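Since the structure comes first, as structure tokens, the remarks are kept for the end.
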Amino acid sequence: MNILHMKYAVEVANTRSISKAAENLYTSQPNLSRAIKTLESDLKIKIFKRSSKGLEITIDGEEFLLYAKNALSQIKKIESIYENRAEKKLRLSVCVPRASYFSYAFADFAKELDSTSSAEIIYKETNSMRSILNVVKEEYDLGIVRYQSTFEKYFHTLFEEKKLNFELLNEFSYVMAISKNNPLATKEKIVAEDLANYIEITHGDPYVPSLPLIDVKRAELSEFSKQRIMVFERGVQFSLLEQVPNTFMWVSPIPPELKDKFNLIERKCDFNTKTYKDVLIYRKKYHLSKLDHNFISKIEKAKYKYFK
240 MNILHMKYAV
250 EVANTRSISK
260 AAENLYTSQP
270 NLSRAIKTLE
280 SDLKIKIFKR
290 SSKGLEITID
300 GEEFLLYAKN
310 ALSQIKKIES
320 IYENRAEKKL
330 RLSVCVPRAS
340 YFSYAFADFA
350 KELDSTSSAE
360 IIYKETNSMR
370 SILNVVKEEY
380 DLGIVRYQST
390 FEKYFHTLFE
400 EKKLNFELLN
410 EFSYVMAISK
420 NNPLATKEKI
430 VAEDLANYIE
440 ITHGDPYVPS
450 LPLIDVKRAE
460 LSEFSKQRIM
470 VFERGVQFSL
480 LEQVPNTFMW
490 VSPIPPELKD
500 KFNLIERKCD
510 FNTKTYKDVL
520 IYRKKYHLSK
530 LDHNFISKIE
540 KAKYKYFK
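Heads up: the sequence shown runs through residues 240 to 547, numbered per our numbering.
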């Protein structure tokens, strides 16, 4: 049984509302609904039911929630006992894709670090292959891997082979980032043919397990643009987009403050039908720490804020 799902059920019971509970938990309503359904499936009971009065708790649900609240209380006591023992250096080490919503989540996480505690925090932006290797070699505890949904089976096979736990954090489609001075910015609707004379900015190290690099690039790169600039560092991509008006880049949604800073806008394009997933990975023998959970919660909060 997933403890996080248990916490979700208790919050839904407290609020009697999926939407309010999702807001309090900094997650989306679909994610919360899926978690509750998974929990009910694992337990083989119905915890909640809908009626004309709204969300109600079943008899089985009342019994489960009584035990769940007691169990969560005991877990909290255990955490408190060990947190109050002799000082131990706190550690978070994570590899993430080059995506702005992760950096904003990390900044939000860092704001809440206890200044009186000893801590070592390592945050690295890199590609999927390096993230997987770093976690497998125990150089980092957490990794976040981004891949095109089409290639999911290749990644799942590798995760199982390398004895890695994996959890879906986010699923989305890319938007097009362009300068406000880009001629495309004035078009009501951008079509694929419009990109023929524009320069695509892309990260130069895509990776899919068991597939030749040439096939991966063919799947990842835009087939409509004849010119590309490949970068390996997130900062330079924003400078290029801002200062070279005939450039564009496919990205996950960018926080508004960052778009304003670099004079950028985002455009959704109907012809871009690819979907992507951000997946958390960690070794099967590794137990997520309180610091890990805090960072993951900030990612959920950032996703809830920036992905509409």
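C-beta: ideal position from N, C-alpha, C; glycine also. Fair warning: this is a prediction, and the values are worked out from it, not measured in the lab.
Asked	Found
Burial state of THR486, where buried means 16 or more other Cβ atoms lie within 10 Å	buried
Whole-Å CB distance - TYR419 paired with ASN511, under 8 Å assumed	Note that residue 419 is Lys in the sequence shown, not Tyr. Incorrect: roughly 20 Å between the Cβ atoms, too far for contact.
Distance, SER312 Cα to PHE477 Cα	47 Å
Reduced DSSP secondary structure (H/G/I, E/B, other) of ASN404	strand
CB of ILE468 within 8 Å of CB of ILE438, strictly	yes
Enclosing beta strand (DSSP E) for ALA358 [first to last residue]	358-364
Close Cβ partners of LYS537 (< 6 Å) along its chain, the five nearest in sequence each way excluded	ALA344, ASP347, PHE348
Residue from LYS507, LYS316, GLU399, ASN366 whose Cα sits closest to the Cα of LEU423	LYS507
TYR321 in three-state terms, based on DSSP	helix
Secondary structure of ILE257, DSSP reduced to three states	helix
Proximal residues to ALA325 (C-beta, below 7 Å), its chain only, five neighbours per side dropped	Because the pLDDT of ALA325 is 45, which lies under 50, any placement of that residue in the model is unreliable, and the number read from its coordinates should be weighed accordingly. Around ALA325: no qualifying Cβ.
Proximal residues to VAL475 (C-beta, below 7 Å), its chain only, five neighbours per side dropped	none
Cβ shell of GLU359 (< 7 Å), same chain only, five flanking positions each side left out	LYS328, ARG330
When TYR340, ARG255, GLU301 are compared against ASN544, the one with the closest alpha-carbon	According to the sequence displayed, residue 544 carries Lys and not Asn. Taking only the C-alpha atoms, the option nearest LYS544 is TYR340.
Under 8 Å between C-beta atoms of CYS334 and GLY300	no
Helix, strand or coil at LYS288 according to DSSP, with G and I counted as helix	strand
Simplified DSSP state of VAL208, which is helix, strand or coil	This structure cannot speak to residue 208, because the chain is shown only from 240 to 547.
Cutoff 8 Å; reference ASN533; Cβ partners in own chain excluding five residues on either side	PHE348, GLU351
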